[in-house]
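*Asks:* Residue numbers (the working numbering): 18 to 657.
Every residue, glycine too, gets a C-beta built ideally from N, C-alpha and C.
Quick caveat: nothing in here was measured; it's all calculated off a predicted structure.
The structure's right below; bear with me while I get my questions together.
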Amino acid sequence: MNLPLLDILIVIAFICSTVCVGFWVSARASKDINSYFLGGNKLKWYMLGLSNASGMFDISGTMWLVYLLFVYGLSSVYIPWLWPTFNQIFLMVFLATWLRRSGVMTGAEWIIFRFGDDRGARLSNIIVVAFALVGVIGFLAYGFIGIGKFASVFFPWKLSDDPHMNDVYYGLGMTAITTFYIIKGGMFSVVFTEVFQFIVTTIASIGVGIIAMNSVSPEMLAAVVPAGWDSLAINWHVNVDWAGRFDAANQKIAADGYSLFGIFFMLMLFKGVLLSLAGPAPNYDMQRVLSTQSPRDAAKMSGFVTVVLMFPRYMLIAGLTVLALAFFMTDLKAMGPNVDFEQILPFVLKNYIPSGLLGLLIAGLLAAFMSNFAATVNAAPAYVVNDIYKRYINPNAHPKRYVYLSYVVSLIFIVTGVALGFYIPSVNTVLQWIVSGLYGGYTASNVLKWYWWRFNAYGYFYGMAVGIVLALALAIPEANIAVAHGLNLFGLQLEKVDFIYAFPWLFVVCLITCVVASLVTAPTDMAILKKFYLKVRPWGFWKPVHDACLQDHPALQKNTNFLRDMVNVVVGIVWQTSLVAAPIFLVIHYYTEFALCMGVAALGTLFLWKNWYQHLQDYPADVPNELLVGTNDAHLIKKS
Numbered sequence: 018m019n020l021p022l023l024d025i026l027i028v029i030a031f032i033c034s035t036v037c038v039g040f041w042v043s044a045r046a047s048k049d050i051n052s053y054f055l056g057g058n059k060l061k062w063y064m065l066g067l068s069n070a071s072g073m074f075d076i077s078g079t080m081w082l083v084y085l086l087f088v089y090g091l092s093s094v095y096i097p098w099l100w101p102t103f104n105q106i107f108l109m110v111f112l113a114t115w116l117r118r119s120g121v122m123t124g125a126e127w128i129i130f131r132f133g134d135d136r137g138a139r140l141s142n143i144i145v146v147a148f149a150l151v152g153v154i155g156f157l158a159y160g161f162i163g164i165g166k167f168a169s170v171f172f173p174w175k176l177s178d179d180p181h182m183n184d185v186y187y188g189l190g191m192t193a194i195t196t197f198y199i200i201k202g203g204m205f206s207v208v209f210t211e212v213f214q215f216i217v218t219t220i221a222s223i224g225v226g227i228i229a230m231n232s233v234s235p236e237m238l239a240a241v242v243p244a245g246w247d248s249l250a251i252n253w254h255v256n257v258d259w260a261g262r263f264d265a266a267n268q269k270i271a272a273d274g275y276s277l278f279g280i281f282f283m284l285m286l287f288k289g290v291l292l293s294l295a296g297p298a299p300n301y302d303m304q305r306v307l308s309t310q311s312p313r314d315a316a317k318m319s320g321f322v323t324v325v326l327m328f329p330r331y332m333l334i335a336g337l338t339v340l341a342l343a344f345f346m347t348d349l350k351a352m353g354p355n356v357d358f359e360q361i362l363p364f365v366l367k368n369y370i371p372s373g374l375l376g377l378l379i380a381g382l383l384a385a386f387m388s389n390f391a392a393t394v395n396a397a398p399a400y401v402v403n404d405i406y407k408r409y410i411n412p413n414a415h416p417k418r419y420v421y422l423s424y425v426v427s428l429i430f431i432v433t434g435v436a437l438g439f440y441i442p443s444v445n446t447v448l449q450w451i452v453s454g455l456y457g458g459y460t461a462s463n464v465l466k467w468y469w470w471r472f473n474a475y476g477y478f479y480g481m482a483v484g485i486v487l488a489l490a491l492a493i494p495e496a497n498i499a500v501a502h503g504l505n506l507f508g509l510q511l512e513k514v515d516f517i518y519a520f521p522w523l524f525v526v527c528l529i530t531c532v533v534a535s536l537v538t539a540p541t542d543m544a545i546l547k548k549f550y551l552k553v554r555p556w557g558f559w560k561p562v563h564d565a566c567l568q569d570h571p572a573l574q575k576n577t578n579f580l581r582d583m584v585n586v587v588v589g590i591v592w593q594t595s596l597v598a599a600p601i602f603l604v605i606h607y608y609t610e611f612a613l614c615m616g617v618a619a620l621g622t623l624f625l626w627k628n629w630y631q632h633l634q635d636y637p638a639d640v641p642n643e644l645l646v647g648t649n650d651a652h653l654i655k656k657s
């Protein structure tokens, strides 16, 4: 496809401006390691919220969500709980505040804060770094695959006769451009460029939604979709049947393993709640929380992400899906049984979006790729430089050395992630492994670390190590088949182990490992536990530590907010889901349902304002001032 001159100029102007903004702010990022990774804790919460929203507005994820809405209809609003998308609600309500109170720079540094600095804690530190870096490589490959598929549709040059390699070569070009400003600017560059990119993406997304509303009538849509496509109901089986309309869609549903939607939904909810209770994984999401100016700001930032992200993103997803259903179905059917649903997004843009808006939308989606890629890359050097090089190799190096080494580490991880992308044909393949396989091995250790005082560093290390090994094994076809054959001894009939259905097994194995390893080794030093408890003040099973703290602080109050927090979580999930469904109903002209969703969102906002926002605090009123001296939160010390 040859883009019109106007669209080419818009895309070139956007790319140039993004790179320029990144380099413009890079001077602030290069002062020291804290400035590079956390922006010196000087970035406003709403800027970080926009940045986080932009980082989640990634092109690979958008391709995946368009495919889900196309095939599964309105019930697809629940499938992103695989991430889970509602982890932002848990962060907003309590976990972002707890995490930010630690005052650390990375997830591995948090391990030292929680478990101390003995041999077990050092092993745990190393295993967190390993998990984070495996995750970074996986997410880089995921983004690389998506941008290659997207770019190859719009650029006119055929670089290879192999379609997959053609996607790969275009992915290399876009990755190279993005790499320039990421490496140079660190967190400052990432945040400032992502705010700019989010504005562009939002304008384009709303424009696509309006075009779809004006181009596709309810009658046109009803003529092509099966019964149940427009329903939010959760049924035992998938409530859409494409038989006779588009048989390839039914084959895709069967291949995904979502046909028994009731079982899938329960597994997804089980997994989502546990993973959300574990807190953010050591990636860009955690870095945003740790970059805020205060614990209250961390909570506000996490809530703000839902407010600004959901509506424009789903205007785009719904608009592209509706246009594809109305005008692209014949082309999809012509592909036969090997339909690539991930190509819906670029093909709809190519054929049905007018010049001008097309250029803006391509720029916006390139922005989405750059945002997600930049945020992911920025997480890698934080762990290698801060948690390996600075801690174990050269703790007294000049601040500039750490920054320069971060440039090198970022480049190494970009090359590694891109190399992996050469061998993965599908966005969905790597996505399923990350959210269910890799995170399945992560969950048990990271739930227990917040809520059980007796859980120690050895339990954390062995639980994480077993989880990572099992997740990597499931990603290798031969090992996956061997595991399936082993499970068949229990009466199952499996040819392979699907990642989502493997999650409960992974979680149970890792949970047993965590508990046993903790109980057969000595508990964490009480002085370490007391410092953690006094500063973070989690609810959960902390009575022995609370009683020990009372000896030095007789007025100490324990956290009794569990019930209120859980009510806020439930309301928050409904609130978030209504903001997802509302723009879809708007685009398909279901105005009554749209009004109901917006009404639910309004009531949820009012409830959360009273029951969450008005109770926010940086630290408990009785936190000892000495715990804040010399930290980034010294300005919050109470004056006596």
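At the level of alpha carbons, what is the spacing between Ala-534 and Thr-460?
*Replies:* Within the sequence shown, the letter at position 517 stands for residue 534. Within the sequence shown, the letter at position 443 stands for residue 460. Rounded to whole angstroms, the separation of the alpha carbons of Thr-460 and Ala-534 is 16 Å.
*Asks:* Going by beta-carbon coordinates alone, are Ala-70 and Phe-328 separated by less than 8 Å?
*Replies:* One-based indexing of the sequence shown puts residue 70 at position 53. One-based indexing of the sequence shown puts residue 328 at position 311. No; because the gap between Cβ atoms is not below 8 Å, this pair is not in contact.
*Asks:* Checking 8 Å against the spacing of the C-beta atoms, do Leu-383 and Val-28 come in under that value?
*Replies:* Residue mapping note: residue 383 aligns to position 366 of the sequence shown, counting from 1. Residue mapping note: residue 28 aligns to position 11 of the sequence shown, counting from 1. Leu-383 is a Cβ neighbour of Val-28, given a cutoff of 8 Å.
*Asks:* I'd like to know if the region 311–324 and the region 104–118 are in contact, where contact means that at least 3 CB-CB pairs between them fall below 8 Å.
*Replies:* yes
*Asks:* Compute the beta-carbon to beta-carbon distance between Ile-164 and Gly-188, rounded to the nearest angstrom, for a pair I have assumed lies under 8 Å.
*Replies:* Here residue 164 is taken as the residue at index 147 of the sequence shown, counted from 1. Here residue 188 is taken as the residue at index 171 of the sequence shown, counted from 1. The Cβ separation is near 5 Å, so the contact holds.
*Asks:* Can you tell me which residues form a DSSP beta bridge with Trp-115?
*Replies:* Mapped onto the sequence shown, residue 115 falls at position 98. Partner(s): none; Trp-115 has no beta bridge.
*Asks:* Is it a yes or a no for the region 496–505 touching the region 540–556, going by three-plus beta-carbon pairs under 8 Å?
*Replies:* Too few Cβ pairs lie closer than 8 Å, so no.
*Asks:* Report the rounded CA-to-CA distance for Ser-52 versus Arg-418, giving the unit in angstroms.
*Replies:* Here residue 52 corresponds to residue number 35 of the sequence shown, with the count starting at 1. Here residue 418 corresponds to residue number 401 of the sequence shown, with the count starting at 1. Because Ser-52 sits at a pLDDT of 48, beneath the cut-off of 50, its placement in the model cannot be relied upon, and the following sentence gives the value as read from the coordinates. Using only the alpha carbons, I get a separation of about 13 Å.
*Asks:* May I ask you to verify whether the region 524–543 touches the region 473–491, counting CB pairs closer than 8 Å and requiring at least 3?
*Replies:* Verdict: yes, contact present.
*Asks:* Indicate whether Trp-559 and Phe-579 have their beta-carbon atoms separated by less than 8 Å.
*Replies:* Counting from 1 along the sequence shown, the entry for residue 559 is found at position 542. Counting from 1 along the sequence shown, the entry for residue 579 is found at position 562. No, these two residues do not count as a Cβ contact at 8 Å.
*Asks:* Between which two residues does the alpha helix (DSSP H) containing His-563 stretch?
*Replies:* Along the sequence shown, one-based indexing puts residue 563 at 546. Looking at the DSSP string, the run of the alpha helix (DSSP H) that includes His-563 is 560–569.
*Asks:* Looking at the secondary structure, which residues open and close the alpha helix (DSSP H) in which Lys-367 lies?
*Replies:* Along the sequence shown, read from residue 1 onward, the residue named residue 367 stands at position 350. 361–369 is the span of the alpha helix (DSSP H), which, as asked, contains Lys-367.
*Asks:* List the DSSP bridge partners of Trp-62.
*Replies:* For this step, residue 62 is matched to residue 45 along the sequence shown. DSSP output for Trp-62 lists no bridge partner at all.
*Asks:* Using a Cβ-Cβ cut-off of 6 Å (strictly less than) and excluding sequence neighbours within five positions of Phe-624, which residues of its own chain qualify?
*Replies:* The residue labelled residue 624 in the question sits at position 607 within the sequence shown. Taken in chain order, the residues that qualify are Val-588.
*Asks:* Just checking my contact of Gly-381 with Thr-218 at CB under 8 Å: how many whole Å lie between their CB atoms?
*Replies:* One-based indexing of the sequence shown puts residue 381 at position 364. One-based indexing of the sequence shown puts residue 218 at position 201. Confirmed, about 4 Å.
*Asks:* Of all the options Leu-620, Asn-585, Phe-31, Leu-65, which has the alpha carbon lying nearest to the alpha carbon of Ser-311?
*Replies:* Locating residue 311 in the sequence shown gives position 294, counting from the first residue. For Ser-311, the nearest C-alpha among the options comes from Leu-65.
*Asks:* Trp-253 by DSSP, collapsed to three states: which one?
*Replies:* Counting from one through the sequence shown, the residue named residue 253 turns up at place 236. Coil, per DSSP.
*Asks:* Spatial neighbours of Leu-465 within its chain, please: C-beta separation below 6 Å, excluding the five flanking residues on both sides.
*Replies:* Indexing the sequence shown from 1 puts residue 465 at position 448. Once the five neighbours on either side are set aside, the close Cβ partners of Leu-465 are Phe-472, Cys-531.
*Asks:* Can at least three beta-carbon pairs, one atom from the region 115–130 and one from the region 286–295, be found at a separation below 8 Å?
*Replies:* No, the region 115–130 is not in contact with the region 286–295.
*Asks:* Whole angstroms are fine: how far does the CA of Ala-414 sit from the CA of Tyr-421?
*Replies:* Locating residue 421 in the sequence shown gives position 404, where the first residue counts as 1. Locating residue 414 in the sequence shown gives position 397, where the first residue counts as 1. When rounded, the distance between both Cα atoms is 11 Å.
*Asks:* Can you check DSSP and say which residues form a bridge with Trp-697?
*Replies:* Given a span of 18 to 657 for the chain in the structure shown, any question on residue 697 remains unanswerable.
*Asks:* Buried or exposed for Ala-253, going by 16 or more other Cβ atoms inside 10 Å?
*Replies:* Counting from 1 along the sequence shown, the entry for residue 253 is found at position 236. The displayed chain sequence assigns Trp, not Ala, to residue 253. Classification for Trp-253: exposed.
*Asks:* With DSSP run on the structure shown, which of helix, strand or coil describes Trp-522?
*Replies:* Mapped onto the sequence shown, residue 522 falls at position 505. DSSP places Trp-522 in helix when its eight states are reduced to three.
*Asks:* If we define contact as Cβ-Cβ less than 8 Å, is Lys-560 a contact residue for chain D?
*Replies:* The displayed structure is made up of one protein chain only, and chain D is not part of it.
*Asks:* Hey, is the region 622–638 in contact with the region 258–266, meaning 3+ C-beta pairs nearer than 8 Å?
*Replies:* no
*Asks:* Would you mind giving the Cβ-Cβ distance between Asp-258 and Gly-90, rounded to the nearest angstrom? I have them listed as a contact below 8 Å.
*Replies:* For the purposes of this step, residue 258 is identified with residue 241 of the sequence shown, where counting begins at 1. For the purposes of this step, residue 90 is identified with residue 73 of the sequence shown, where counting begins at 1. Not really, about 11 Å apart at Cβ, beyond 8 Å.
*Asks:* Tell me the DSSP secondary structure of Trp-556 in three-state form.
*Replies:* To locate residue 556, count along the sequence shown from 1; it is residue 539. Coil.
*Asks:* Buried or exposed: Val-432, going by 16 or more other Cβ atoms within 10 Å of its Cβ?
*Replies:* Position 415 of the sequence shown, counting from 1, holds the residue named residue 432. Exposed, because fewer than 16 other Cβ atoms sit within 10 Å of the Cβ of Val-432.
*Asks:* If Ile-485 and Phe-148 are in contact, beta carbons under 8 Å, what's the gap, nearest whole angstrom?
*Replies:* By 1-based counting over the sequence shown, the position of residue 485 is 468. By 1-based counting over the sequence shown, the position of residue 148 is 131. Indeed they touch by this definition, with Cβ atoms about 6 Å apart.
*Asks:* Find the nearest neighbour of Asp-75 within the set Ser-93, Phe-161, Ala-250, Leu-60, judged by alpha-carbon distance.
*Replies:* Stepping through the sequence shown from its first residue, residue 75 is reached at position 58. It is Phe-161 whose Cα lies nearest to the Cα of Asp-75.
*Asks:* Name, in chain order, the residues that DSSP records as bridge partners for Trp-469.
*Replies:* Translated into positions along the sequence shown, residue 469 becomes position 452. Per DSSP, Phe-558.
*Asks:* Could you name each continuous alpha helix (DSSP H) segment of 4 residues or more that falls completely within the region 98–161, going from the start of the chain to the end?
*Replies:* Taking only runs of at least 4 residues, the alpha helix (DSSP H) segments lying wholly in the region 98–161 are 104–107, 113–118, 124–132.
*Asks:* Which word fits Asp-564, buried or exposed, when buried means at least 16 other C-beta atoms lie within 10 angstroms of its C-beta?
*Replies:* On the sequence shown, residue 564 is found 547 positions in, with the first residue counted as 1. The residue is exposed, with fewer than 16 neighbouring Cβ atoms inside 10 Å.
*Asks:* So what's Gly-353 in DSSP terms, helix, strand or just coil?
*Replies:* In the sequence shown, counting from the first residue as 1, residue 353 sits at position 336. Residue state, collapsed to three classes: coil.
*Asks:* So, helix, strand or coil for Pro-494, using DSSP?
*Replies:* Here residue 494 corresponds to residue number 477 of the sequence shown, with the count starting at 1. Reduced to three states, the DSSP call for Pro-494 is helix.
*Asks:* In terms of residue numbering, what span does the alpha helix (DSSP H) encompassing Arg-581 cover?
*Replies:* The residue labelled residue 581 in the question sits at position 564 within the sequence shown. Where Arg-581 is concerned, the enclosing alpha helix (DSSP H) stretches over 579–604.
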